[in-house]
Each structure stands twice: as structure tokens, then as C-alpha cells.
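Sequence order for the protein chains is A and B. For the first sequence, this note's numbering gives the first residue as 54, with consecutive numbering after it. For the second sequence, this note's numbering gives the first residue as 90, with consecutive numbering after it.
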Amino acid sequence: MSDEPQVGKTKQGKTVVTSPGVSSPSVGHTMYGRYGTWLGSPETRYGKLRSARHLPDWVKIEMLADPVIGWCLSFIASALIDADRVIECADPQKRQFFEDMFRAWEKDFMAQAAMSICLGHLGLIKKWAFEVPQPVESDAEPAWPWAAKPFVITGFDPVYPVGSSPRFDRERKHFNGMTVQSQNVDVFYSLWLTSGKAWAFGDYQGRGRLEGVYLDWWMKRFGRDAYTVRMIKSNDPAVVAFYPPGQTDGGKDHRDIALELGDSVRGLATIALPSTVYKQTSMTGEVSHTSVREWDVEYLEASIRGPADWIQFEGHINTQLALGMFIPPQAFLQVKQPELGGRTTADVLLNAAIKILMMDATGVDQHLTLYAFAPVDVLNFPPDSPPVRVRTVGIAPDTKVQLFELIKSLLARPDVSPGEVDVQEALNRLGFPTPDRDGGLSGIGAAAVGDDDEVPDDVLRQMLQERITPPEPGPVPISDKEIDRVFRKLKETFPELFQD
Amino acid sequence: MLEVQIGTEAQIGEDFVVLPGTVLLREPGGGSRIITQADLAAQGGGIIIPSADELAKRRAKLDDLMAGFNERSAILAGKLRDGGMGIEAWQQAMRKEIKDLHIASAIVSKGGDRSQLTYADWGRVGGFLTSQYRYLYRYALAIQDKAAQSLATGVPFFSEKYLAYRSRLYGGHAKAGFYQGLAEGLLPQAPGDGNTQCLTNCQCTLRFEQGDVPGVILVFWELHPAEHCDDCVSLSQSWNPLELWLPGAEVQ
């Protein structure tokens, strides 16, 4: 069978495409050999690298657990919640009615909608009730003067994305509701939010922002595993056991003995190499052995020096994740300052980020207008009454300032790759609490670099070359001698303390 | 160990009434009396509360010790930055400073009375030092990382101010050691032990009072003029007071 997909026609005239059978090697925990014991199965933790366009929902949910992504999601959610929205309708009373209904759950709904912007889609269940929407301003009268109670939406419940999908008729023209965990939810109660549908070529699964950062996220997870293995190997380096080929008188292979020997001096893998015995012939033709070792063990020193390279790598990935969540990577890559005629990269990217946020907000507005407001309108108002819609008119000024600061911080200098920017520093500048790696405070971030003289490179190199001794486990011993010394010193410093 | 019994019926003493369930101290000559804090302290199971003045004096000494530590650690940070001292030598010197400070803090907490310090006290100090040494080691690694970053990308190295500030954090824990020393290690947490958002920067203090029930110490978490973290503000409300039940004081 060819490796190429086969296309043909059946007798009934249907087009058939067959794809070649594919077998892939196992990528389970065995890829890390013995170290898999600690790492578990990467495949179940974050999965094989796959197409960003077809990510399973469980992977997306796993991505949300990443602190940088989670933080960006919160920022997007707060931007959506704080955005300025208006209800538009030619009939003031009807407008006020929808205003009262909408404002009651606006913030909750926007927090849920933010999730759809990240995932690409989210199913929501409408909560209906017979009740009169109460005005946002407590002293105002309800905009519903009639005796019969209106049937309105009082909020939404999100459904768990895994196992949820929209249902359509056979021609995929009419939305029939949702399937949630194998149960059907009627269209009347269903609201399927799709974000970035146009970018997904009309797919109702949408195109979430997580897709843009999937590769970086996967690399971060994979890199962590690789780093863990390096760390373990560094802590428990491989052993080489040398042995002379051959067997003992009892028939036991020297190689087996060498492996046992190696294993006895360490915990994990051992390498056994035959230690060939060299011979040399003198000028007189006499054959003699060289001083080659026959039996020996030695540790292989790992080349790993410290976590610096890993921290640098993860910092780069984190920056990519944050930028990718706010601005599509494509847009970012196409922005170069010299082409911008004086405007900074941060300015351009800020505008891009705001426009994209507005596009997402518009998408949410459309869903609300068509699938939440419209049914309420039909149920409670006459057919000839003026239509009503919700429209986002702008991003809150605070959000703009924060977003600008954030992007500026992420970029640091327009001519520097974002990979060299410290996300932690960016968060510090925005006033977010970010504990240092060893538990220090973030408030001193600004003082971390000052106007002091530069440290010469040779001093820095010297620092890097030194090996720092880690502390011994267990309580630090305190000798009587040390106590005596401190006691004497205390007596000299505070004589009044010891008067009695 | 104290020889105690649990009162089974109401007993009337000269100036007190013992209710059933109260822990009583059996006296050598027969009879029993209500247990006091002094009884517990005499057996090593209690806490001797210094007077408010005495506590203030000891705290002032601790502050002096910490100020000295801050000065010396700042000098060490400067030496590290200008290349006068290698990073390993700096770490060892910092360890010595941290150790000396914690030992001194333990002695000061007992008012300079060395005989009050038991093996348990030194064991506790040793435990504190372990955690501080570990933090210090990670700090040293972070300095190396920063050096690598500076060499690779040209970003400025840590400023002297920053290095000195960070070094101070490792001495801040001595305050927790001081209070735990006073309370025989029975406190669930103490200012400066790193369990609050302000970590070892904590500016709070503790005040101790004898509770109405023998063997129960009242501990007050007190704020002082400073920028307090939420944890400390919360503790100042919940430890107002905290009832610290000493071993053997399981009275009703």
C-alpha cells in the first residue's frame, strides 16, 4: 500500500479517500528510560505534540493551569468585564428593560465569555425565570409596568467543555442545542459561544487564543521534563565499570560482574565497557602488557552546570506565552519598528491588542444580541417593536494603561527580542505580587538594578565558575564552642544583660 | 514530670474553688492544690513570662543584634559585588553571621540566662538555621543566574542596595527564634518566621500574659507603625489573644 492517501470513486459515485495505516512508536514514559518513574506519563499529562488547530479540550484545560496563561486569562476577563457596553433600542422603555436584565449578570457572563475567547468555544445554559428585571439604580422604577411577569434570562451556567458540543440539523444550518456529557440540552436553554469563528473557517469550535500559544506551552512542559531528567542525571551520574573480557573459572561473564559492581556503588543506570588489555612489543621482540586497567569504576561527570540556562529558557517561553495570549504571534512577528515611521512597537502592539480585544468583545455582543436578547424579545414584546442589541463601545481607560505598560514591559526595548525580557519584572512594574524564587519580596523589584557601577565581566565569570556548597540535610549542629563564643561576645556588647 | 491528679469533685481551698476536671498538683505531704504556671515552669513544661519592661529590654537587644547583622551583611554584599570575595566564601561568611545571630537571639530571649537553654532549644535553633541556609543557598544560585544573564544579555547585575536588602531577610528570622525561645517553641507561628506575606520583614511583636486558667498563656499579636501585610492584620485580630495551652494544662 502506498504511503499517499488514495482517492477514488465507488460504484455508487461516492468519493472515497483512504489514508495509509500509520504506526507510531510508543511515546509513553519509556522515552525517559528509568527516569520515567518520577515523570509519570508525559502523554497523559500534556500529550503528544499535535496540530494546534485540533487540540482536544482536555489539553486546553491543562493549558489553563499554566500560571502565565492563567494570569493572561484573568487579565482578558477583567478587560471584558470593565469594558463599556451600551444597550441600543429605539424604544426607551424596552431599552431600559433589557438594560436592567443585562446588568444583573453582565459581569458574571463576561467572566464566562473570557473562557470562550481562550478555548474558542464554551457552552452555556440559560437560566430562565418569570420575574421583573430590577433596575440597577435602586431608586428607579422597573421598566415593566404590566401585571403579567415577563419571562427573562437571569444568568448562565457554563458546561464543562470536555464532552460538550453543539448540535445542528443534518444540513448544519440550524442550531438544535448542545450535547453535554451525552445528554441533550434543548436549544431554548442553550447558548454556544464561539470565538474567532471566521478565523476557524466557520467552525463552531472556534479559534481560541490558546491555539496561538500551544507550541510554546508544549515546549515549556517538554522542556521541564527534559530538565528534570538532566537534573536527576546530574545528581546521580552514570557509572562506567571497566572489565577485562572473559569469564571467571566458574563461568560467570566478567561483564555481568562489572555491571553488578557498578550497580552496587550507585542507584540508577550503569554502563559496562570492556577494558581491552593492550600489549606492546619491545625492540627485542618481547611482548608485554601495558598498564591498562582491567577492573575499574568511575562516575561520569554530567555537563550540567546549574539551573541558569533552564530559567532563561523558561523566561523566554513565558514571555512568548504572555505576548501570544494578548496579541497573535503572527501580528507580533510582522511588526518592526523601522517600518512604523516613528511609532514604537509597543504603541502598535497596544493598538493591535485592543483591536483584537474589541473584535472578541464584538463577537460576544453578537451572541448576546442574537441568541439571548432575541428570544427574550420575542417572548415578551410585540413583533413590530424596535429591535434591541448590546454593543461594546470601548475598553476601560485603566485597562488600556495596564495593557500598554504590560506590552512595554514585555518588549522592554523595541530592538530587543521578547525572549530576553523578564516576565516577572513586567509583572512587578504592573504592581502584581511576584515572590522571588527564594521567597524574597517583589516590592524591591525596582531596586534590583540600580545606578551602581557595572560589575566587571571577570567578576561575574568568577562567580559562575565557583561551585556553591549546598546545605547539609537536617538541623544545623551547634557546638558548645560556638555558643561560648557568642555568649562571650554578648557579654561584652550587653554587659547590663548579665548583671545578675 | 509533675505528679498530678484530676479533681473529681468540687474542692474549696483557702482562696480558690477547684471544679471537677481541674488538674491538681499532688503535694509531697499529701493533699493537692491547683496547678500553677510556676509549677509547670519548674518542671520545664511551662513558660516564664517576662514582665513588659523586661520583654521590651530584651527586644531592644534583639533589635541591636539584628542591626549589627544588617551592617555586616551589607559589607559582605559589597565585597561580593566588587569581586573582593568569591560567592562560596560569601555564602560561608553569611552562614556564620546567620548562625551567630540565631544563637545570640536564643540567649537574649532567655534574658541572658544560659542555664535556661536546653538541648531542645538548641535543636530548635538548628532547625531554623537549616531553613535559612537553604534559602541562602538558593539566593546564591539566583545570584549566579543573574551573573549568567548579565554576561549573556548585558542586563545590569543586581545593585548593591538590592543585594544588601536581600541579605537582611536571612537575619529577619532571628525575631521568630526569639519569640519561639520565649515560648519554648510552642507557638504555632511567630513574627518573622516567613509564614506571613511580609516574610522575615515582619515588624510585629508578641505580648504574653498569664491567662485566668493555670497553664494557659495569652498571646497577643501586636502591630506597630509600619506597612502591614494582610496576614499580620488578620493575625492581630485572631491572636487577640491566642490561648496557648501548655503541656499538662488540659483543664476544662
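Glycine residues also receive a C-beta, built at the ideal position from the N, C-alpha and C atoms.
With P139 of chain B and G216 of chain B assumed to form a contact (beta carbons below 8 Å), what rounded beta-carbon distance in angstroms separates them? In the second sequence, residue 139 of chain B corresponds to position 50, counting from 1. In the second sequence, residue 216 of chain B corresponds to position 127, counting from 1. In fact, because the Cβ distance is near 24 Å, the residues do not count as touching under 8 Å.
Verify whether the separation of the beta carbon atoms of V431 of chain A and R138 of chain A is less than 8 Å. The residue you call residue 431 of chain A lines up with position 378 of the first sequence. The residue you call residue 138 of chain A lines up with position 85 of the first sequence. Cβ atoms of V431 of chain A and R138 of chain A: not closer than 8 Å.
Can you list the residues of chain B that F551 of chain A reaches, using a CB-CB cut of under 7 Å? Residue numbering aside, residue 551 of chain A sits at position 498 when the first sequence is read from its first letter. By Cβ distance, chain B contributes G201.
Return the CA-CA distance between G496 of chain A and I170 of chain A, expressed in angstroms with no decimal places. As a position in the first sequence, residue 496 of chain A is number 443, starting the count at 1. As a position in the first sequence, residue 170 of chain A is number 117, starting the count at 1. In this prediction, G496 of chain A has a pLDDT of 36, which is less than 50 and means its spatial position is unreliable; what the coordinates show is noted afterwards. Each residue's alpha carbon lies about 32 Å from the other.
Where F547 of chain A meets chain B, residues with beta-carbon distance less than 7 Å: Translated into the one-based positions of the first sequence, residue 547 of chain A becomes position 494. Ordered by position in chain B, the residues that pass the 7 Å Cβ test against F547 of chain A are K150.
Could you please give me the residues that DSSP links to K179 of chain A through a beta bridge? As a first step, residue 179 of chain A must be located in the first sequence, where it is residue number 126. Its beta-bridge partners are A:F209.
Beta strand (DSSP E) segment containing C142 of chain A, residue limits: On the first sequence, residue 142 of chain A is found 89 positions in, with the first residue counted as 1. Start and end: D137 to C142.
Can you check which of these residues, A:Q258, A:G249, A:P186 and A:R262, is closest to P214 of chain A by C-alpha distance? Position 161 of the first sequence, counted from the start, is the residue given in the question as residue 214 of chain A. Checked all of A:Q258, A:G249, A:P186 and A:R262; the closest Cα to P214 of chain A is A:Q258.
Compare the C-beta of E507 of chain A against all C-beta atoms of chain B and say whether one is closer than 8 Å. If you number the first sequence from 1, residue 507 of chain A lands on position 454. Yes, its Cβ sits closer than 8 Å to a Cβ of chain B.
Grouping DSSP H, G and I as helix and E and B as strand, with all else coil, what is S140 of chain B? Counted from its first residue, the second sequence places residue 140 of chain B at position 51. Here S140 of chain B sits in coil by DSSP.
Rounded to whole angstroms, what's the CA-CA distance from V508 of chain A to E535 of chain A? Just pull it up for me. On the first sequence, residue 508 of chain A is found 455 positions in, with the first residue counted as 1. On the first sequence, residue 535 of chain A is found 482 positions in, with the first residue counted as 1. Distance between the alpha carbons of V508 of chain A and E535 of chain A is about 35 Å.
Within 10 Å of its beta-carbon, does V322 of chain B have 16 or more other beta-carbons around it, so buried, or fewer, so exposed? Reading the second sequence from its first residue, position 233 is the one you call residue 322 of chain B. Its Cβ having fewer than 16 others within 10 Å, V322 of chain B is exposed.
Less than 8 Å separating the beta-carbons of V529 of chain A and T219 of chain B? Translated into the one-based positions of the first sequence, residue 529 of chain A becomes position 476. Translated into the one-based positions of the second sequence, residue 219 of chain B becomes position 130. Yes; because the gap between Cβ atoms is below 8 Å, this pair is in contact.
Taking buried to mean at least 16 other C-beta atoms within 10 Å of its own C-beta, is E224 of chain A buried or exposed? Taking the first residue of the first sequence as position 1, residue 224 of chain A is located at position 171. Under this definition E224 of chain A is an exposed residue.
Whole-angstrom distance between K250 of chain B and T546 of chain A, CA atom to CA atom: As a working mapping, residue 546 of chain A is identified with position 493 in the first sequence. As a working mapping, residue 250 of chain B is identified with position 161 in the second sequence. Those two C-alpha atoms are separated by around 28 Å.
Should P554 of chain A be labelled buried (16 or more other beta-carbon atoms within 10 Å of its own) or exposed? An answer regarding residue 554 of chain A cannot be provided, because it is not within the stretch 54 to 553 covered by chain A.
Here's the rule: buried if 16 or more other CB atoms are within 10 angstroms of the residue's CB, otherwise exposed. What is E143 of chain B? As a working mapping, residue 143 of chain B is identified with position 54 in the second sequence. Burial call: exposed.
Can you name the residues of chain B whose CB is closer than 7 Å to the CB of F540 of chain A? Indexing the first sequence from 1 puts residue 540 of chain A at position 487. Chain B residues near F540 of chain A: I196 and R203.
Taking 8 Å as the threshold (beta carbon to beta carbon), is D214 of chain B in contact with chain A? The residue given as residue 214 of chain B occupies position 125 in the second sequence. A small fix is needed here, since residue 214 of chain B is Val in this sequence, not Asp. Closer than 8 Å: yes.
In its own chain, which residues sit with a C-beta less than 8 Å from the C-beta of K579 of chain A, not counting the 5 before and 5 after it? In this structure chain A extends from 54 to 553, so residue 579 of chain A is not present and cannot be described.
Given R541 of chain A, which residues of its chain have a CB within under 7 Å of its CB, disregarding the five upstream and five downstream residues? Indexing the first sequence from 1 puts residue 541 of chain A at position 488. There are no such residues.
Applying the 10 Å Cβ sphere with the 16-neighbour rule, what's the burial state of M336 of chain A? Position 283 of the first sequence, counted from the start, is the residue given in the question as residue 336 of chain A. Exposed, by the Cβ-count rule.
Contact belief for P211 of chain A with Q149 of chain A at Cβ below 8 Å, rounded distance in angstroms: Counting from one through the first sequence, the residue named residue 211 of chain A turns up at place 158. Counting from one through the first sequence, the residue named residue 149 of chain A turns up at place 96. The pair is not a contact, with the Cβ atoms about 28 Å apart (cut-off 8 Å).
Using beta-carbon positions only, say whether P280 of chain B and T294 of chain B come within less than 8 Å of one another. Position 191 of the second sequence, counting from 1, holds the residue named residue 280 of chain B. Position 205 of the second sequence, counting from 1, holds the residue named residue 294 of chain B. Note that the C-beta distance between P280 of chain B and T294 of chain B is below 8 Å.
Beta-carbon of G260 of chain B versus every beta-carbon of chain A: anything under 8 Å? If you number the second sequence from 1, residue 260 of chain B lands on position 171. False, the Cβ-Cβ gap to chain A never drops below 8 Å.
Residue environment, V340 of chain A, which counts as buried when at least 16 other CB atoms sit within 10 Å: Here residue 340 of chain A refers to the residue found at position 287 when the first sequence is read from its first residue. By the neighbour-count definition (other C-beta atoms within 10 Å, threshold 16), V340 of chain A is an exposed residue.
I'd like to check one pair, A414 of chain A with A136 of chain A: are the Cβ atoms closer than 8 Å? Within the first sequence, numbered from 1, the residue matching residue 136 of chain A stands at position 83. Within the first sequence, numbered from 1, the residue matching residue 414 of chain A stands at position 361. Cβ distance < 8 Å, so A136 of chain A and A414 of chain A count as in contact.
Could you check if S79 of chain A is buried or exposed, using at least 16 other CB atoms within 10 Å of its CB as the buried criterion? Here the question's residue 79 of chain A lines up with position 26 in the first sequence. Bear in mind that a pLDDT of 38 at S79 of chain A, under 50, signals an unreliable position, so the number given afterwards is only what the model happens to contain. Exposed.
Quick check: what's the CA-CA separation for L169 of chain B versus R444 of chain A? By one-based count along the second sequence, residue 169 of chain B stands at place 80. By one-based count along the first sequence, residue 444 of chain A stands at place 391. Roughly 59 Å separates the two Cα atoms.
Indicate whether at least one CB of chain B lies closer than 8 Å to the CB of R512 of chain A. Here the question's residue 512 of chain A lines up with position 459 in the first sequence. The sequence shown places Val at residue 512 of chain A, rather than the Arg named in the question. Chain B, which has a Cβ nearer than 8 Å to the Cβ of V512 of chain A, makes this yes.
Could you tell me the alpha carbon to alpha carbon distance between I531 of chain A and Q365 of chain A, rounded to whole angstroms? Within the first sequence, residue 531 of chain A is the residue found at index 478, counting from 1. Within the first sequence, residue 365 of chain A is the residue found at index 312, counting from 1. I531 of chain A and Q365 of chain A: Cα-Cα distance of roughly 38 Å.
Kindly say whether R283 of chain A, judged by its beta-carbon, lies nearer than 8 Å to any beta-carbon of chain B. In the first sequence, residue 283 of chain A corresponds to position 230, counting from 1. Closer than 8 Å: no.
So which residues on chain B does R277 of chain A lean against when the C-beta distance must stay under 7 Å? Residue numbering aside, residue 277 of chain A sits at position 224 when the first sequence is read from its first letter. Per Cβ cutoff of 7 Å: no residues; R277 of chain A is ~17 Å from chain B at best.
How would you write the range of the alpha helix (DSSP H) that I176 of chain B sits in, first residue to last? Residue numbering aside, residue 176 of chain B sits at position 87 when the second sequence is read from its first letter. Annotation: the continuous alpha helix (DSSP H) that includes I176 of chain B extends over I176 to S198.
For I364 of chain A, three-class secondary structure by DSSP: Stepping through the first sequence from its first residue, residue 364 of chain A is reached at position 311. Under the three-state reduction of DSSP, I364 of chain A is assigned to helix.
Could you tell me which chain B residues have their CB closer than 9 Å to the CB of L564 of chain A, listed as they occur along the chain? One cannot answer for residue 564 of chain A here, as it falls past the ends of chain A, which runs 54 to 553.
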